[in-house]
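S.K.: One structure is given below, represented as structure tokens, and several questions about it will come after.
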Amino acid sequence: MQVFNADGSFVYGIHGSTSDGSDLQSPWGVAFDPSGNLHVANHGSGCVKIFTAEGKYVTQYGSDTLRTPAGIAIDEEGYSFVAEYYYVDKGSSRNGMLKILQPHHQYCYVLFVLC
522 MQVFNADGSF VYGIHGSTSD GSDLQSPWGV AFDPSGNLHV ANHGSGCVKI FTAEGKYVTQ
582 YGSDTLRTPA GIAIDEEGYS FVAEYYYVDK GSSRNGMLKI LQPHHQYCYV LFVLC
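With the numbering used here applied, the sequence shown closes on residue 636, and no number is skipped along the way.
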């Protein structure tokens, strides 16, 4: 994955296997929090990884509850909204689960429909 400034200039890249846990396996969604940190919905490893604006790995969250994160959004208060893929309700492949993560990564759940 590569990150660029608004003017198109390269900022940093994240790739390959690492020993610090920063490796990405099928990153599907990205969002920036109010502090400028990059949150990556890491579909392949079932978690969200956080990187600083400079690309330094900070931490991850959701590995105990997320299975296949597919998208992420973060509001102005720092709440993360993580959409998961492959969650099925009543046999419809269009339904999914939206997990609302508070700034300290506590959970509550809301159903939504993928369009």
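Beta carbons are placed, not taken as given, at the ideal position from N, Cα and C, and that holds for glycine.
1. Tell me the DSSP secondary structure of glycine 565 in three-state form.
2. Shortest alpha-carbon distance to valine 532 belongs to which of Thr589, Ala604, Asp554, Phe572?
3. Leaving out five residues before and five after alanine 574 in sequence, what residues of the same chain have Cβ atoms less than 6 Å from its Cβ?
4. Would the beta-carbon of glycine 550 fall within 9 Å of that of alanine 604?
5. Under 8 Å Cβ to Cβ from proline 463, same chain only, skipping five residues before and after it: list those, please.
6. So who's on the other strand from threonine 644, going by DSSP bridges?
M.R.: In short, the structure shows the following:
1. The residue you call residue 565 lines up with position 44 of the sequence shown. Here glycine 565 sits in helix by DSSP.
2. As a working mapping, residue 532 is identified with position 11 in the sequence shown. Answer by Cα proximity: Phe572.
3. For this step, residue 574 is matched to residue 53 along the sequence shown. For alanine 574, where only same-chain residues beyond five positions count, the Cβ hits under 6 Å are Gly557.
4. As a working mapping, residue 550 is identified with position 29 in the sequence shown. As a working mapping, residue 604 is identified with position 83 in the sequence shown. A contact, by the Cβ cut-off of 9 Å.
5. The displayed coordinates of the chain run from 522 to 636. Any statement about residue 463 would go beyond what the structure contains.
6. Any answer about residue 644 is impossible in this case: the structure gives the chain only from 522 up to 636.
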